[in-house]
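Read the structure below first, then the notes.
Put into structure tokens, the structure is as follows:
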């Protein structure tokens, strides 16, 4: 044990140093690279879908909405098949940040809490993961709106 | 008057050491595919084990492990005086549903991942103290039930840090008795809750290492033994990094255990399974003790073991309120005579 004659706070400091030294280096380079590749591929797929809808004759904004819906559907479907969590495990933020990550964060709790019923399970906990993003995203948007109103 | 079977500060010894007359283990697919796969009594490949929920699957695993241990001991439920069991779920539901099915007197335990050793220590005390002839002990965990309670939904995509551990799906059970054949429990060292201020729930090895080191050091001091008395000193689920830290801490207090030190969480998976630091959960030490370790004792490969169950007393509630993760370790000595 660390020197017991030291005060507890010193022991904790010593130990924190030990922990820091023995911890593995986070694989930052590798993680960033794969996040870039996986996120980029998802966006590339989005671009293909967008072009496809536009080629079918949809206007720019309709095609955008249809693209989002398609990506969300795909991600939800892959979550249901148990594939999407592997995509994010490998791709990190590349899998989490795009709209597909958002779909995953909604479908995963929906599947998970089905066991507790539709009301107190799915109903109450559907936003367990996405909730904070929605709440603070809305608050941030509101603050930005106020600033825009004052300084425009 | 001092307690007659107390040995030093935190250790007790048993006058007529209780015997582990039978042990059984059931694990999930990943554990079955791991290096210890052939030692387990049953491998269940379906995470639901044909039940409606993962919680029920875990209950079924614990119940079957308990029944299997009884079967191996040639005993029935009615022969059991007391059952001691615990798990990771809120209100230890796995254990209480199992106790309902077995209909035996039941004391529920919670020692996080140290529960198996806690149950063995207490069971041995009950027997040597003259309060029971046969005690059924056990613990379980399930990757999916633990994950959803402590962390995120299973299908949510996220990246775990390298220090994270993988909750073992499995249940281990053992029958302790006053008489019989098998390894005996000679000592138990009850650990203190040790908190060195670690707050990262994805690095439980670092939170538990000081507690494990404290218990191991205390045991060696209490019994006036040197590490080489044991063939193997093994912890429950420190994982690769926690084990290294515990080793350093024990070394700092003047004992060298490096040559004979191992960890159930490291043994249970192989590198290709990509679980990062290793296994964890009540089931981790439970299934390794109840299969591999007892098997090795019986086969004569080891004669004396110091097994320290390690628990990270982690609560999502207190963690979110900014509290640290506390560690605890309970040790039992198993010997083949």
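Chains as they are written, first to last, in the working numbering: chain F, 1 to 152; chain A, 1 to 337.
Here a beta-carbon is modelled for each residue, glycine too, at the ideal position from N, C-alpha and C.
For residue i and residue j, which I take to be in contact (beta-carbon distance under 8 Å), what is that distance rounded to the nearest angstrom?
i: residue 76 of chain F; j: residue 103 of chain F; result: 5 Å
i: residue 18 of chain A; j: residue 177 of chain A; result: 7 Å
i: residue 115 of chain A; j: residue 62 of chain A; result: The Cβ separation is near 11 Å, so there is no contact.
i: residue 240 of chain A; j: residue 278 of chain A; result: 6 Å
i: residue 19 of chain F; j: residue 245 of chain A; result: 7 Å
i: residue 87 of chain F; j: residue 157 of chain A; result: 6 Å
i: residue 310 of chain A; j: residue 189 of chain A; result: Residue 310 of chain A to residue 189 of chain A, Cβ: 13 Å. No contact.
i: residue 183 of chain A; j: residue 298 of chain A; result: 7 Å
i: residue 103 of chain A; j: residue 77 of chain A; result: 6 Å
i: residue 133 of chain A; j: residue 14 of chain A; result: About 14 Å separates the two Cβ atoms, so there is no contact after all.
Rounded to whole angstroms, what's the CA-CA distance from residue i to residue j? Just pull it up for me.
i: residue 237 of chain A; j: residue 205 of chain A; result: 7 Å
i: residue 227 of chain A; j: residue 47 of chain A; result: 40 Å
i: residue 198 of chain A; j: residue 300 of chain A; result: 39 Å
i: residue 81 of chain A; j: residue 123 of chain F; result: 44 Å
i: residue 12 of chain F; j: residue 89 of chain A; result: 30 Å
i: residue 140 of chain F; j: residue 131 of chain F; result: 14 Å
i: residue 86 of chain A; j: residue 138 of chain F; result: 43 Å
i: residue 153 of chain A; j: residue 127 of chain F; result: 12 Å
i: residue 173 of chain A; j: residue 124 of chain A; result: 14 Å
i: residue 79 of chain F; j: residue 43 of chain F; result: 18 Å
i: residue 334 of chain A; j: residue 215 of chain A; result: 16 Å
i: residue 142 of chain A; j: residue 282 of chain A; result: 9 Å
i: residue 193 of chain A; j: residue 302 of chain A; result: 30 Å
i: residue 295 of chain A; j: residue 118 of chain F; result: 46 Å
i: residue 52 of chain F; j: residue 65 of chain F; result: 13 Å
i: residue 57 of chain F; j: residue 45 of chain F; result: 19 Å
i: residue 112 of chain F; j: residue 31 of chain F; result: 27 Å
i: residue 51 of chain A; j: residue 30 of chain A; result: 19 Å
i: residue 145 of chain F; j: residue 100 of chain F; result: 27 Å
i: residue 33 of chain A; j: residue 8 of chain A; result: 42 Å
i: residue 1 of chain A; j: residue 289 of chain A; result: 36 Å
i: residue 181 of chain A; j: residue 20 of chain A; result: 8 Å
i: residue 143 of chain F; j: residue 151 of chain F; result: 12 Å
i: residue 73 of chain A; j: residue 71 of chain F; result: 57 Å
i: residue 16 of chain F; j: residue 196 of chain A; result: 8 Å
i: residue 151 of chain A; j: residue 106 of chain F; result: 15 Å
i: residue 121 of chain F; j: residue 14 of chain F; result: 44 Å
i: residue 271 of chain A; j: residue 61 of chain F; result: 49 Å
i: residue 117 of chain A; j: residue 286 of chain A; result: 8 Å
i: residue 74 of chain F; j: residue 97 of chain F; result: 15 Å
i: residue 185 of chain F; j: residue 201 of chain A; result: Outside the modelled stretch of chain F, which goes from 1 to 152, sits residue 185 of chain F, for which no answer is possible.
i: residue 49 of chain A; j: residue 155 of chain A; result: 18 Å
i: residue 43 of chain A; j: residue 36 of chain A; result: 11 Å
i: residue 45 of chain A; j: residue 28 of chain A; result: 6 Å
i: residue 91 of chain F; j: residue 36 of chain F; result: 8 Å
Does any heavy atom of the ligand SAM sit closer than 7 Å to the C-beta of residue i?
i: residue 129 of chain F; result: No copy of the ligand SAM appears in this structure; indeed no ligand is present at all.
Contained beta strand (DSSP E) runs [length at least 3] in the segment 152-226 of chain A, N- to C-terminal order:
170-177 and 184-189
Contact set between the segment 177-206 of chain A and chain F, restricted to residues whose Cβ is under 8 Å from the partner
196, 197, 198, 203 and 206
Evaluate the contact criterion for the segment 205-212 of chain A versus the segment 27-37 of chain F: three or more CB pairs, one atom per stretch, below 8 Å.
no
What residues in the segment 163-178 of chain A bring their beta carbon closer than 7 Å to a beta carbon of chain F?
163
Any contact between the segment 68-85 of chain A and the segment 13-29 of chain A? By contact I mean 3 or more CB pairs, one from each, below 8 Å.
When Cβ pairs closer than 8 Å are counted between the two stretches, the segment 68-85 of chain A is seen to touch the segment 13-29 of chain A, the count reaching three or more.
Does the segment 128-144 of chain A come close enough to the segment 248-256 of chain A to have 3 or more Cβ pairs within less than 8 Å?
no
Return the residues of the segment 223-236 of chain A that lie within a Cβ-Cβ distance of less than 7 Å from chain F, sorted by chain order.
none
Short of 9 Å Cβ to Cβ, which residues in the segment 89-115 of chain A face chain F?
Residues of the segment 89-115 of chain A with a C-beta atom less than 9 Å from some C-beta of chain F do not occur.
Please list, in chain order, the residues of the segment 25-59 of chain F that have any C-beta partner in chain A closer than 8 Å.
26, 27 and 31
With contact counted as at least three CB pairs below 8 Å, one residue from each stretch, are the segment 250-270 of chain A and the segment 220-235 of chain A in contact?
Under the Cβ criterion (8 Å, minimum of three pairs), the segment 250-270 of chain A counts as touching the segment 220-235 of chain A.
Of all the alpha helix (DSSP H) runs that stay within the bounds of the segment 64-120 of chain F, which reach a length of 4 or more residues?
84-91, 93-96 and 99-112
Proximal residues, the segment 126-149 of chain F versus chain A, C-beta separation under 7 Å:
129
Across the segment 166-175 of chain A and the segment 265-278 of chain A, are there enough close Cβ pairs to call them in contact, namely three or more that are closer than 8 Å?
yes
Interface positions of the segment 101-124 of chain F facing chain A (Cβ-Cβ less than 8 Å), listed along the chain
101, 104, 105, 107, 108, 109, 111, 112, 113 and 115
Along the segment 236-264 of chain A, where does the CB come closer than 9 Å to a CB of chain F? Name the residues.
240, 241, 244, 245, 248, 249, 250, 252 and 253
Can you list, in chain order, the residues of the segment 149-164 of chain A whose Cβ is nearer than 8 Å to any Cβ on chain F?
152, 153, 154, 155, 156, 157, 158, 159, 160, 161, 162 and 163
What are the start and end residues of each continuous beta strand (DSSP E) run of 3 or more residues lying completely inside the segment 249-279 of chain A, in chain order?
Unbroken beta strand (DSSP E) runs of no fewer than 3 residues, entirely contained in the segment 249-279 of chain A, are found at 261-263, following chain order.
Any alpha helix (DSSP H) of 4 or more consecutive residues that is wholly inside the segment 2-85 of chain A
29-33 and 54-72
What residues from the segment 14-47 of chain A come within 7 Å of chain F, judged by C-beta to C-beta, listed N to C?
Correct list: empty, as no residue qualifies.
The segment 73-85 of chain F: which residues have C-beta closer than 7 Å to a C-beta of chain A, in chain order?
Answer set for the segment 73-85 of chain F: 79, 82, 84 and 85.
Going along the chain, which residues of the segment 7-22 of chain F sit with their C-beta nearer than 8 Å to a C-beta in chain A?
11, 12, 15, 16, 18, 19 and 22
If contact means a Cβ-Cβ distance below 7 Å, which residues of the segment 89-100 of chain F contact chain A?
Result list: 89, 92, 95 and 96.
Select from the segment 309-335 of chain A all residues with a C-beta closer than 8 Å to any C-beta belonging to chain F, and list them in chain order.
none
Got a sec: which bits of the segment 53-68 of chain A sit with their beta carbon under 7 Å from any beta carbon on chain F, in order along the chain?
Flagged, chain order: 53.
What residues from the segment 206-220 of chain A come within 7 Å of chain F, judged by C-beta to C-beta, listed N to C?
206, 210, 213, 214 and 217
Go through the segment 98-159 of chain A residue by residue and report every complete run of the alpha helix (DSSP H) that reaches 4 residues or more, in order.
115-128 and 143-150
Which parts of the segment 269-337 of chain A are runs of the alpha helix (DSSP H), unbroken and 4 residues or longer, counting only runs that do not cross its ends?
Counting only runs of at least 4 residues, the segment 269-337 of chain A fully encloses the following alpha helix (DSSP H) elements, listed from N- to C-terminal order: 282-288, 294-298 and 316-320.
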